[in-house]
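Protein chains in written order, with the UniProt record's numbering: chain U, 1 to 417; chain V, 1 to 417.
For glycine and all other residues, C-beta sits at the position ideal for the given N, C-alpha and C.
These figures come from a predicted structure and were not determined experimentally.
Remarks on the structure that follows.
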């Protein structure tokens, strides 16, 4: 890897508003990134029986696809993330990719060696075709008419994206949480196109409790009068209260009880005189302030129909369903090697859920590497910087690279260095 | 205990509508019960600094107060329960007391030996003065003007109730969940009036996660346009959507993940042809149907202001707060003996929370009996019939009775028989 230099791009940009500070590219960053939008005009037949006539995918790529086209890694996103996996958004220097600590030159997923694709899923709200997009049949936003999607539909759409890039087989398909479900689905539905499948903090299917929390979120959104049956775009409204409550409940499930205790405990927020309570329904505790802020912020940028759609896709995911509930049978034709990672305090998708996948793979004699990281941060741990976790992933990618004969990793950087 | 006879009360009641079936009193039931309403005209000074000018308490009693007045047991209720602890409601034969499996002749809390009082807390919505009651100052429902209450306020109101009955000292004060907090608070604030303190599935204070879930419920209610800032009575509305979502999220926290898996799993509700999904936001899974039903039912009978108030009282409870967070110091003057019970799969108030109380009591050299019941039902387990759990409670009450020189329990009945 070349010596890292701090680049001030402000001097190369005309008419930079004075309040925008010069952007400093930190070591290990892929730098300033911009999405590309790729149009697919062929109809996409969906699991539901509906057909999406055409769609666009928002995509970011990092690193270079090599001549053999065998160094490509697909990163699949979870509920509220996007194609912006790594680097600094050209439009907004504060918008750092959601897995920037994982993906970059010298990082666990080393963009000096791998060509990494981040893709926003259909139905999402960050640039790919979704419920807020224009329905070509009506000239109006799709709204409630946007078709329901499944993880398998996303994989089909991503497979066309691979074709677009001329990638026959990914070195790895990787994701956390819902992203891990997509990686798993890739290995099942396109077995010959996945070299390694990396499934982090995920599950082979939602539990009743998981579905229950999703349903709470959906009822909250749907019963908000500003939802207008999903066609709120035309009304100029946003079901922000419902979306905010949905996010709050979701957020609690991403954190561990212990982590919340450590972060917030029972600390008061702006107490009354003598540290007293206000004895009302305003904010009394830090944790309330935090959750309200998270909920309100989310409701300003996330599309409510997308929230419904993605929680439903989560509910539906269950590759064992067409095999009488037998996950091992569902996995019988996979050809990928696997890395699974779970986190000890993740109560949304606890380690036991990953164990189910590991057992089913072992039953099929697939090579599996499994790491259970003792981390206090609950489900969110998969997004956080943790040296042991990143070392596991980096070590696994070194093995992938060695297997493909890719160049050695630069030893001057990286979490193992 | 007298031989149980099946009593058909329908013949003794004039003009019974033909659709009401004769009521069968099952063995161990306290029988047909009716509440009494006891008015307290002295103002009640509250923790918040506000004053409740007067109030009424809805009360049920079972068994007989003995001449020594030393066999009284106070049962404190949790979030959504009432004074109707045991027996069959005279107005509605289907309305069985919420702890009927625990309280009755020959049961763990044996009404052949103990005089048991069930009391509805101020601020609730089952007969005691609450936000839906008429504010004497305005002639209108209190609504948002109803004062905030704390566990300590409830205890003060209950102490006046004890005075009313001429009870100087309770044989036991007992409760589960929020009811357990009241029992604990009784032992701290009226140490000389509590012989035994029985704290089941409870905690010395809510965690950040607990407060977070309460806040989700409150935001859901408060942001429902039918809430009208708490003064919905005047508008003829009920914030039923908000209340329903609040109940749904609460309900999930009462059940264990495993219990939900066993009860619902991923079973579909009314699937489409060939067992397919409907691919929409209607009910797909049994768990959704169940939670929606629970939420909707709750919203037809529970007052939204009461839900806010009681969740807030839960948040505030922390007897260690005035002792620098030291629970042992908060408990230094208690005179009661203690029974604590927790349930292995209760993730709302897990066993570790009870351990905190046990440790603080032991630090004060108080006699403590502690039982951790290995039960699959999560927090709800404290309400359910479980022979080991009930045997622990019954054994403890036998000890209380022996200590007080009460008559022996009839050996022909009871969970230990």
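Here residue 327 of chain U carries a helix assignment [DSSP, helix/strand/coil].
For residue 139 of chain V, the closest of V:204, V:110, V:233, V:229 by C-alpha to C-alpha distance is V:233. In this structure, residue 75 of chain U keeps its C-beta atom at 8 Å or more from the C-beta atom of residue 161 of chain U. By the CB criterion at 8 Å, residue 151 of chain U and residue 313 of chain U fall inside the cutoff. In this structure, U:56 is the residue among U:341, U:65, U:56 with its C-alpha nearest to the C-alpha of residue 123 of chain U.
Contact between the segment 100 to 112 of chain U and the segment 377 to 392 of chain U is established, with three or more Cβ pairs separated by less than 8 Å. Taking a beta-carbon distance threshold of 8 Å, residue 110 of chain U does not count as an interface residue toward chain V. A straight-line Cα-Cα distance of about 33 Å links residue 315 of chain V and residue 281 of chain V. Taken atom to atom, the span from the alpha-carbon of residue 163 of chain V to that of residue 40 of chain V is near 11 Å. Chain U has a Cβ within less than 8 Å of the Cβ of residue 212 of chain V. Proximity of chain V to residue 249 of chain U at the Cβ level (cut-off 7 Å) is accounted for by 216, 249, in chain order.
In the three-state DSSP reduction, residue 342 of chain V falls in the strand class (E or B).
When rounded, the separation of the alpha-carbon atoms in residue 117 of chain V and residue 291 of chain V is 32 Å. Bounds of the alpha helix (DSSP H) holding residue 290 of chain U are 286 to 301.
Just so you know, the alpha carbons of residue 148 of chain V and residue 79 of chain V end up roughly 15 Å apart. Around the beta carbon of residue 274 of chain U, fewer than 16 other beta carbons lie within 10 angstroms, which makes this residue exposed. Judged by DSSP in its simplified three-state form, residue 85 of chain V adopts coil rather than helix or strand. Residues of the segment 20 to 51 of chain U that bring their beta carbon within less than 8 Å of a beta carbon in chain V comprise 47, 48, 49, 50, in sequence order. Counting the other CB atoms within 10 Å of its CB gives residue 374 of chain V a total below 16, which places it among the exposed residues. Secondary structure of residue 28 of chain V (DSSP, three-state): coil. Scanning its chain for C-beta atoms nearer than 6 Å, with the 5 sequence neighbours on each side dropped, one finds around residue 286 of chain U the residues 264, 267, 269, in chain order.
Here residue 104 of chain U carries a strand assignment [DSSP, helix/strand/coil].
Contact between residue 44 of chain U and residue 165 of chain U does not hold, since the beta-carbon distance rounds to 18 Å and is not under 8 Å. Counted as a single uninterrupted DSSP element, the stretch harbouring residue 150 of chain V is not any beta strand (DSSP E), since DSSP gives it neither H nor E. In the structure shown, residue 232 of chain U falls within a helical segment according to DSSP collapsed to helix, strand and coil. For residue 209 of chain U, the neighbours in chain V by C-beta distance under 7 Å run, in chain order, 252, 257, 260. Pairing residue 246 of chain V with residue 307 of chain V gives a Cβ-Cβ distance under 8 Å.
Take the alpha-carbon of residue 359 of chain V and the one of residue 328 of chain V: they are about 8 Å apart. Secondary structure of residue 274 of chain V (DSSP, three-state): helix. When 8 Å is used as the limit between beta carbons, residue 245 of chain V is near these residues of chain U: 216, 219, 220, 223, 245, in chain order. With respect to residue 204 of chain V, residue 319 of chain V sits close: the two C-beta atoms are nearer than 8 Å.
Look at the beta carbons and you see the segment 190 to 209 of chain V touching the segment 168 to 178 of chain V: at least three pairs across the two are nearer than 8 Å. Restricting attention to alpha helix (DSSP H) runs no shorter than 4 residues, the segment 128 to 190 of chain U encloses them at 151 to 164, 178 to 189, ordered along the chain.
Taking 8 Å as the upper bound on Cβ-Cβ separation, chain U lies near no residue of the segment 165 to 191 of chain V. The contact set of residue 152 of chain V on chain U, defined by CB atoms closer than 8 Å, is empty, because the minimum CB distance reaches about 12 Å. Scanning its chain for C-beta atoms nearer than 6 Å, with the 5 sequence neighbours on each side dropped, one finds around residue 348 of chain V the residues 253, 379, in chain order.
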